[in-house]
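A short write-up of the structure that comes next.
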Amino acid sequence: MKIATWNINGIKARITNLERWLKEAEPDIACLQEIKSVDENFPSEVFEGMGYNVAVHGQKSFNGVAIFSKLPFDEINKGLPGDETDEQARYLEAVISTASGALRVASIYLPNGNPVESEKYPYKLAWMERLKNHARSLLAFEEPLVLAGDYNIIPTEQDVYNPKAWADDALFLPESRAAYHAIINLGLTSAFEATLNQPHRYTFWDYQRGAWQKDHGIRIDHLLLSPQAADKLSGCHIDRPTRGWEKPSDHVPVCIELDV
DNA sequence: ATGACCTGTTTAACAGGA
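The first sequence lines up with residues 416 to 675 when you count with the working numbering.
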């Protein structure tokens with residue numbers, strides 16, 4: 416089973432590329448971020464016509480996450496628990512029936528956090544604390560779990576073209592990376608590190624300053640697996656060529672293969 | 001040499017992104 420995560424940067428602007436990519440890559444499950452649409456305006460019927468069940472958790476203009484699945488949903492949960500006042504649509508979780516039992520998948524759009532001096536940085540750290548608490552309770556089920564998304568975290572110096580240029584950025588500050596590693600240390604496995612684990616394998620290139628042409632990228636899209644999912648992990652792939660398509664997202668898909 | 005973007009929205013400049 417192929418599971419993918421992709422920050423598409425707007426469903427309206429990316430519908431053609433998303434259709435093309437789904438046809439070529441044929442993921443069984445796709446977790447999408449930054450759909451930038453309310454639920455009612457999301458073109459679910461296009462993807463249902465391709466054989467997907469579609470779950471959407473959106474809001475106007477910004478953020479928004481979705482999950483596509485060839486297999487049916489048993490359960491859909493919208494929003495990250497822990498703060499009833501948080502109105503940003505950044506977390507969607509689904510339980511999917513597979514031949515070998517239930518699989519829980521989340522689509523995550525973790526806050527960027529810049530500028531660091533603003534209220535956005537403490538919001539990021541608080542959101543990560545909530546994610547850690549929620550991941551801890553999900554791990555207690557001892558079932559296959561995949562937390563996939565745009566984490567807005569550069570894990571190591573090997574995951575950025577120029578570490579010095581990012582030293583003071585919310586994506587790379589020691590406190591941000593420590594919060595990310597604290598989540599992993601609950602007992603999750605990063606699919607990339609467990610398989611490919613090579614330096615300079617980026618998932619995002621800025622639209623500005625010729626970042627793509629110069630390969631000035633960062634690796635910020637991750638899939639974190641529970642032990643029961645990690646046992647079934649057989650591969651991880653970054654779909655780099657999509658960044659060179661017409662009208663690309665600034666992120667590319669990251670896929671894993673699970674033997675379920 | 002330097003800098004050069006993209007998306008969505010109250011469709012003309014903004015806000016937000018990373």
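Note that CB positions come from ideal geometry on N, CA and C, so glycine has one too.
Best match in the options for proximity to residue i [C-alpha to C-alpha]
| i | options | result |
| --- | --- | --- |
| residue 522 | 420, 574 and 490 | 420 |
| residue 442 | 558, 449, 433 and 656 | 433 |
| residue 458 | 486, 621, 428 and 440 | 428 |
| residue 475 | 430, 512, 425 and 510 | 425 |
| residue 490 | 473, 502 and 510 | 510 |
| residue 633 | 606, 556 and 566 | 566 |
| residue 601 | 537, 557 and 501 | 557 |
| residue 500 | 438, 542, 533 and 460 | 542 |
| residue 508 | 465, 621, 553 and 537 | 553 |
| residue 617 | 589, 593 and 656 | 656 |
| residue 535 | 430, 673, 462 and 591 | 591 |
| residue 456 | 430, 629, 518 and 440 | 430 |
| residue 593 | 440, 662 and 544 | 544 |
Coarse secondary structure for residue i, derived from DSSP in three states
| i | result |
| --- | --- |
| residue 643 | helix |
| residue 595 | helix |
| residue 657 | helix |
| residue 420 | strand |
| residue 461 | helix |
| residue 585 | coil |
| residue 441 | coil |
| residue 565 | strand |
| residue 448 | strand |
| residue 604 | strand |
| residue 493 | strand |
| residue 468 | strand |
| residue 486 | coil |
Beta-carbon contacts of residue i that lie in its chain and below 6 Å, excluding the five residues immediately before and after
| i | result |
| --- | --- |
| residue 595 | 568 |
| residue 654 | 667 and 668 |
| residue 481 | 447, 450 and 471 |
| residue 579 | none |
| residue 587 | 569 and 581 |
| residue 651 | 606, 607, 610, 611 and 671 |
| residue 675 | 416, 513, 515 and 647 |
| residue 575 | 569, 581 and 633 |
| residue 422 | 448, 449, 565 and 666 |
| residue 492 | 508 |
Beta-carbon proximity check, residue i vs residue j, cutoff 7 Å
| i | j | result |
| --- | --- | --- |
| residue 468 | residue 452 | no |
| residue 506 | residue 516 | no |
| residue 504 | residue 478 | yes |
| residue 585 | residue 497 | no |
| residue 619 | residue 665 | yes |
| residue 626 | residue 559 | no |
| residue 648 | residue 561 | no |
| residue 598 | residue 550 | yes |
| residue 547 | residue 526 | no |
| residue 444 | residue 520 | yes |
| residue 486 | residue 465 | no |
| residue 638 | residue 555 | no |
Contact set for residue i: own chain, Cβ-Cβ below 7 Å, skip 5 residues either direction
| i | result |
| --- | --- |
| residue 573 | 614 and 615 |
| residue 642 | 602 |
| residue 658 | 620, 627 and 667 |
Same chain only: Cβ atoms within 8 Å of residue i, ignoring 5 sequence neighbours per side
| i | result |
| --- | --- |
| residue 577 | 631 |
| residue 454 | 471, 472 and 473 |
| residue 530 | 536 and 585 |
- Message: At 3 residues or longer, what runs of the beta strand (DSSP E) sit wholly inside the stretch 500-562?
- Response: 506-513 and 516-524
- Message: Just to confirm the assignment: which complete beta strand (DSSP E) runs, minimum length 3, are found wholly within the stretch 611-643?
- Response: Complete beta strand (DSSP E) runs here, min 3: 636-640.
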